[in-house]
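Here is the structure we will look at, set down as structure tokens.
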Amino acid sequence: MIQYMPLFRSCSSSRSVAQLHAHLIINGLRKDPLASTKLIESYSQMGSFETSRLVFDTFPNPDSFMWGVIIKCHVWNNFFQEAIFLYHSMLCQLSETSSFIYPSVLRAISAIGDLGVGRKVHGRILKCGFESDSVVETALLSMYGELGWTVYARKLFDEMSVKDVVSWSSIISSYVRNGKGKEGLEIFGDLVKEGVEIDSVALLSAVEGCGELGVWRVGKSVHGCILRKNIQSDGSLINSLVAMYGKCGDTCSAELLFRNAVDKSTYTWTAMMSCYNQNGCYHEALALFVKMHESDVEYNEVTVMAVLCSCARLGWLNEGKSIHGFIVRNAFDCGNDLLGSALVDLYANCGKLSDCHKVFGSSQDRHIVSWNMLISGYVQEGFSDKALTLFVDMVRKGILPDSYTLASVLSASGDIGFSEFGCQIHSHVIRTGFSTEFVQNSLIDMYSKCGLVNYARMIFNDTQERSIVTWNSMMCGLTQNDLSREAISLFDEIYSNSSRMDEVTFLAAIQACSTIGWLEKGKWIHHKLIIFDVRHDMYIDTALTDMYAKCGDLWMARRVFDSMFERSIISWSAMIGGYGMHGQIDDAISLFHEMVNSGIKPNDIILTNILSACSHSGYLNEGKYFFNLMINLNIEPKPEHFGCLVDLLSRAGDIDKAYEVITSMSFPADVSIWGALVNGCRIHKRMDIIKMIQQRLENMHTDDTGYYTLLSNIYAEEGEWNESRMVRSKMRSLGLKKVDGYSMIEVEKRIPA
378 MIQYMPLFRS CSSSRSVAQL HAHLIINGLR KDPLASTKLI ESYSQMGSFE TSRLVFDTFP
438 NPDSFMWGVI IKCHVWNNFF QEAIFLYHSM LCQLSETSSF IYPSVLRAIS AIGDLGVGRK
498 VHGRILKCGF ESDSVVETAL LSMYGELGWT VYARKLFDEM SVKDVVSWSS IISSYVRNGK
558 GKEGLEIFGD LVKEGVEIDS VALLSAVEGC GELGVWRVGK SVHGCILRKN IQSDGSLINS
618 LVAMYGKCGD TCSAELLFRN AVDKSTYTWT AMMSCYNQNG CYHEALALFV KMHESDVEYN
678 EVTVMAVLCS CARLGWLNEG KSIHGFIVRN AFDCGNDLLG SALVDLYANC GKLSDCHKVF
738 GSSQDRHIVS WNMLISGYVQ EGFSDKALTL FVDMVRKGIL PDSYTLASVL SASGDIGFSE
798 FGCQIHSHVI RTGFSTEFVQ NSLIDMYSKC GLVNYARMIF NDTQERSIVT WNSMMCGLTQ
858 NDLSREAISL FDEIYSNSSR MDEVTFLAAI QACSTIGWLE KGKWIHHKLI IFDVRHDMYI
918 DTALTDMYAK CGDLWMARRV FDSMFERSII SWSAMIGGYG MHGQIDDAIS LFHEMVNSGI
978 KPNDIILTNI LSACSHSGYL NEGKYFFNLM INLNIEPKPE HFGCLVDLLS RAGDIDKAYE
1038 VITSMSFPAD VSIWGALVNG CRIHKRMDII KMIQQRLENM HTDDTGYYTL LSNIYAEEGE
1098 WNESRMVRSK MRSLGLKKVD GYSMIEVEKR IPA
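Following this line, the structure appears as structure tokens:
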């Protein structure tokens, strides 16, 4: 039989193996164990797995080595359950086994994720005395690592008498694969110190660990190690390096690697596209996809998912639909968990919730990612109640929520002020121990939006490791609840701790200064914004414009506004509102016309600002013009717009016209509109209408003390003391008390408490 071994090695197809098989039968070697074992292995290697299994099944009394080979062949062909079944069959037939069998069996167990079977096999290995076999030890280590039991894997590694590069690579990979990149990199450092010759597998795991942790400098060092040692791989190292640089935010290094790659596989192109997506370079990702198409590179499902992600983030619905059509034409499985989730994400981000639901409904096996995308889509589009209903439906179907689900549901609860539901989610988080940083930040946000800022502060105080997102969430929550001083104190605490601050940190601090009119503090924050070289975007510049305008520094507000490269409708509204607030109505009107001429269509908010400015300045004709303009632009007037018009007319003395406007509205006038008319009646002594308005306000059961106080003062001014006392008595019977007014002033660049 020995003379036939070179012939087995020379076989290049199943046909040549079959010819050799026939020759062996003719020469009486059909029942030779070594010949049959080599035939089993060779048929499997050449893609004829069925023939391989037939040879095994027809061989009488196979020995331990042959069992090991057939099990290994099943693992090669991804028949993992069958491999384990064969292992158990072997135990029933053989009293003794060889260590050669166990690496394949352990690999099959890793693939199906059955830790129970794995521990039983481990017990048999100990019973047979194979635990000192280095190959078996490494296979055990890999199995425990792949099943998430890194503690067992590390124990095995530490007890190994001889650690080769394969065992080092296995333990590093185990940690990285289970999200413990820091521990993986520490062991990689030990590997380097030990002087063990590093292979591509260890380097691959180290690169992945650097990407997971976002440690750019360490990643650069590992890349340097690859270059110095001239490590050759099948291209997976290049792909992992591109992915690592993408996760670390270094698109330039990723691009350089990609351009210099000699043989770019589908995975290389896809890794570069994913790198662009992770860093917000969606246009570049789509341009690369076009180039990939022109280069006739084959796509896979991950490539298509990357393209869908780019379209979703850019809101390019038509392009996304084209990709959807491509998926259908090329028979990609839309029911695939991740591909289906990417399609749901596309339609959700483009606001097409009906299409989103169709894709979701067509998925046979809905992955948690798909549920998350749809729930998040409803929240983003303002349908928070539907998002909560969908969440309840998901839980009833037995699907456990992850941190992304919980974050979306908490956001929905906060948006509609449903604190009871949010508290239930909080209880679930405590019970399940699902308290990730992402969920903690969402809890802070939810409680803040529901007005339960003390609960938010409690969670914040209990958070031991606070990221900048946690600080930002708490600052925004305090500002939302009129606790701007406390928000600024948090900003000072971040600054004094030399913690990293981002755009949102500065944005929250600027908004807090704007709320309480703290000009000097706002200037100081603006200065730090420049010193720290924080990237200015439209949101920060708009917040600065608003802050300076509300604090009365209109010159600086206009300077920031004029320096903006891009202005949203909110930017224009902040500057126009600032002019109106400080009585510079001509400048407000001039800027409004400048906005319209620049091609921006006014919305209801900016028209509220301009109408309010006209109202406070008594510009009756201009106010009427803007109100009519609103109707011409098909913008439905809201109570605040009618309130401004009523205030304008009543201040100008046209009380009857103001009353006519109120009675002609398509909805009942609220307290603020009647209050505007009351103020005009006070100015022009129209007591006849005031008494009627009083009756209206009483019927509305308002708890706003301002209007009752105004009515009482009007009666007192006119000498109608009985009426004045009756109004005050009404307030007392309703349990209402006059709210004391207060002002805040800066003293030596501070606002005293």
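Numbering (the working numbering), first residue to last: 378 to 1130.
Where is the CB? At the ideal position from N, CA and C, for every residue including glycine.
Since the model is a prediction, treat every value here as computed from it, not as a measurement.
Nearest-angstrom Cβ-Cβ length linking G929 and H959, presumed shorter than 8 angstroms: Sequence index remark: in the sequence shown, residue 929 carries index 552 (1-based). Sequence index remark: in the sequence shown, residue 959 carries index 582 (1-based). Going by Cβ atoms, the distance from G929 to H959 rounds to 6 angstroms, so yes, they are a contact pair.
Per-residue DSSP class, three states only, for V592: Taking the sequence shown and counting its residues from 1, the one referred to as residue 592 is at position 215. Residue state, collapsed to three classes: coil.
Bounding residues of the alpha helix (DSSP H) (the contiguous stretch that carries N838): What you label residue 838 is simply residue 461 of the sequence shown in a count that begins at 1. Residues V830 to D839.
Residue nearest to M467 in terms of C-alpha spacing, selected from V482, C658, L906 and T919: Translated into the one-based positions of the sequence shown, residue 467 becomes position 90. The option with the nearest alpha carbon to M467 is V482.
Helix, strand or coil at L471 [DSSP, three-state]: The count along the sequence shown starts at 1 and reaches residue 471 at position 94. Note: L471 maps to coil in three-state DSSP.
DSSP-derived helix/strand/coil call for C363: Residue numbering for the chain in the displayed model covers 378 to 1130; residue 363 lies beyond these limits and cannot be assessed.
Chain-order list of residues whose beta-carbon lies under 6 angstroms from that of M823 (same chain, five-residue window excluded): Start at 1 with the first residue of the sequence shown, and residue 823 comes out as number 446. Closer than 6 angstroms at Cβ, skipping near neighbours: L787, S790, G791 and G799.
Coarse secondary structure for H1061, derived from DSSP in three states: As a first step, residue 1061 must be located in the sequence shown, where it is residue number 684. Three-state result, H1061: coil.
Contiguous alpha helix (DSSP H) assignments of at least 4 residues, all confined to the region 1001-1036: 1016-1028
Local Cβ density within 10 Å of Q888, reported as buried at 16 or more and exposed below that: What you label residue 888 is simply residue 511 of the sequence shown in a count that begins at 1. Burial call: buried.
Whether T922 touches A951 by CB criterion (9 angstroms): Sequence index remark: in the sequence shown, residue 922 carries index 545 (1-based). Sequence index remark: in the sequence shown, residue 951 carries index 574 (1-based). Result yes, Cβ atoms of T922 and A951 sit closer than 9 angstroms.
Under the three-state DSSP convention, the category C727 falls into: Position 350 of the sequence shown holds residue 727. Coil.
Close beta carbons around D732, own chain, < 8 angstroms, minus the five adjacent residues each side: Here residue 732 refers to the residue found at position 355 of the sequence shown. Excluding sequence neighbours, D732 sits near Y724.
Residue span of the alpha helix (DSSP H) that contains W444, given as start and end: If you number the sequence shown from 1, residue 444 lands on position 67. Here the alpha helix (DSSP H) through W444 covers S441 to W453.
For T515, the first and last residue of its enclosing alpha helix (DSSP H): As a position in the sequence shown, residue 515 is number 138, starting the count at 1. Start and end: S511 to E523.
contact_flag[the region 687-703, the region 658-675] where n(CB pairs < 8 angstroms) is 3 or more: yes
Candidates V584, F635, M650 and C450: closest to M621 by CA position: Counted from its first residue, the sequence shown places residue 621 at position 244. Checked all of V584, F635, M650 and C450; the closest Cα to M621 is V584.
Expected contact under 8 angstroms - CB spacing of S1049 and P1016 to nearest Å: In the sequence shown, the residue the question calls residue 1049 occupies position 672. In the sequence shown, the residue the question calls residue 1016 occupies position 639. With a Cβ gap of about 7 angstroms, S1049 and P1016 count as contacting.
Three-way DSSP call (helix, strand, coil) for P437 in this model: Locating residue 437 in the sequence shown gives position 60, counting from the first residue. If DSSP states are grouped into helix, strand and coil, P437 belongs with coil.
Range covered by the alpha helix (DSSP H) that runs through H970: The count along the sequence shown starts at 1 and reaches residue 970 at position 593. Note, H970: alpha helix (DSSP H), I962 to N974.
I704 versus E897 - alpha carbon distance: What you label residue 704 is simply residue 327 of the sequence shown in a count that begins at 1. What you label residue 897 is simply residue 520 of the sequence shown in a count that begins at 1. So the two alpha carbons sit approximately 57 angstroms from each other.
Start-to-end residues for the alpha helix (DSSP H) that takes in I865: Position 488 of the sequence shown holds residue 865. Unbroken alpha helix (DSSP H) run through I865: S861 to S873.
Selected residue, minimal CA-CA separation from S796, among H904, K735 and L820: Numbered from 1 along the sequence shown, position 419 holds the residue referred to as residue 796. Measuring from the Cα of S796, the nearest candidate turns out to be L820.
Reduced DSSP secondary structure (H/G/I, E/B, other) of G623: For the purposes of this step, residue 623 is taken as the residue at position 246 of the sequence shown. Note: G623 maps to helix in three-state DSSP.
Inter-stretch contact (C-beta, 8 angstroms, three-pair minimum) for the region 588-603 and the region 637-651: no
CA nearest to the CA of G566, picked from C469, H903, I548 and C450: Here residue 566 refers to the residue found at position 189 of the sequence shown. Nearest option by C-alpha distance: I548.
Straight-line gap, S761 to Y781 (C-alpha atoms, nearest Å): The sequence position of residue 761 within the sequence shown is 384, counting from 1. The sequence position of residue 781 within the sequence shown is 404, counting from 1. Roughly 15 angstroms separates the two Cα atoms.
First through last residue of the alpha helix (DSSP H) which encompasses D377: The requested residue 377 is not part of the displayed model; the chain covers only 378 to 1130.
Opening and closing residue of the alpha helix (DSSP H) in which F507 lies: Translated into positions along the sequence shown, residue 507 becomes position 130. Counting along the chain, F507 falls outside any alpha helix (DSSP H), and DSSP gives it neither H nor E.
Close-in-space but distant-in-sequence residues of the same chain around S1034 (CB under 7 angstroms, 5 per side omitted): Residue numbering aside, residue 1034 sits at position 657 when the sequence shown is read from its first letter. It should be noted that the sequence gives Lys, not Ser, for residue 1034. The residues are L1026.
Reference I615, options L633, L984 and C853, closest by Cα: Translated into the one-based positions of the sequence shown, residue 615 becomes position 238. Considering only alpha carbons, the answer is L633.
Reduced DSSP category for T813 - H, G, I as helix; E, B as strand; rest coil: Counting from 1 along the sequence shown, the entry for residue 813 is found at position 436. In this structure, T813 counts as coil in the three-state DSSP scheme.
Short Cβ contact (9 angstroms threshold) for I946 with I982: Here residue 946 is taken as the residue at index 569 of the sequence shown, counted from 1. Here residue 982 is taken as the residue at index 605 of the sequence shown, counted from 1. Their beta carbons are under 9 angstroms apart, which means I946 touches I982 by this criterion.
Cβ shell of H903 (< 7 angstroms), same chain only, five flanking positions each side left out: Counting from 1 along the sequence shown, the entry for residue 903 is found at position 526. Cβ within range, chain order: L921.
Beta carbon of L581 nearer than 9 angstroms to that of S544: Position 204 of the sequence shown, counting from 1, holds the residue named residue 581. Position 167 of the sequence shown, counting from 1, holds the residue named residue 544. Taking 9 angstroms as the Cβ cut-off, L581 and S544 do not qualify as a contacting pair.
Rounded C-alpha distance that separates M852 from V806: Position 475 of the sequence shown holds residue 852. Position 429 of the sequence shown holds residue 806. Cα to Cα, M852 sits roughly 23 angstroms from V806.
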